[in-house]
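To start, the structure under review is shown below, and the notes come after it.
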Amino acid sequence: RDKGLDAELLFVGGTATEEILALADKHQIDLVVMGSHGHGALYGLLVGTVTEGVLHQAACPMLIVPSVQKAAVAKPMERPEVSAVTPD
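Mapping of the sequence shown onto the numbering used here: position 3 corresponds to residue 3, and the numbering continues sequentially without gaps.
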């Protein structure tokens, strides 16, 4: 909240995918942020995931955050030595 973002914690009962979609619609959510366990395509095909269900049905943009094991960390770029040549 101190960064200008409002957050609210809600507890609801029901099917996770349906409840997330209903709440996003009811509250006119601008962005849904969800995590991904990264179980793989076969797991998702056989079992399905809440994240995939919401992704395919959401009316708003989504940000899917990978699990720590799947996250990539970028190394800060080193500043190259640059010399500038100016015309006379």
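Backbone N, C-alpha and C define an ideal beta-carbon position, used for all residues, glycine too.
- Residue pairing by DSSP puts valine 33 in a beta bridge opposite Leu63.
- When DSSP states are grouped into helix, strand and coil, glycine 13 belongs to the coil group.
- Glutamine 28 sits in coil when the DSSP states are folded into three classes, being neither helix nor strand.
- In this structure valine 32 touches alanine 24 by the C-beta definition: roughly 6 Å separates them, less than 8 Å.
- Across the structure, glutamine 28 and valine 50 are spaced so that their CA atoms are roughly 20 Å apart.
- DSSP places leucine 5 in the coil class of the three-state scheme, outside both helix and strand.
- Spatial neighbours of leucine 55 in its own chain (CB-CB distance under 6 Å, excluding positions within 5 residues in sequence) are listed in chain order as Met62.
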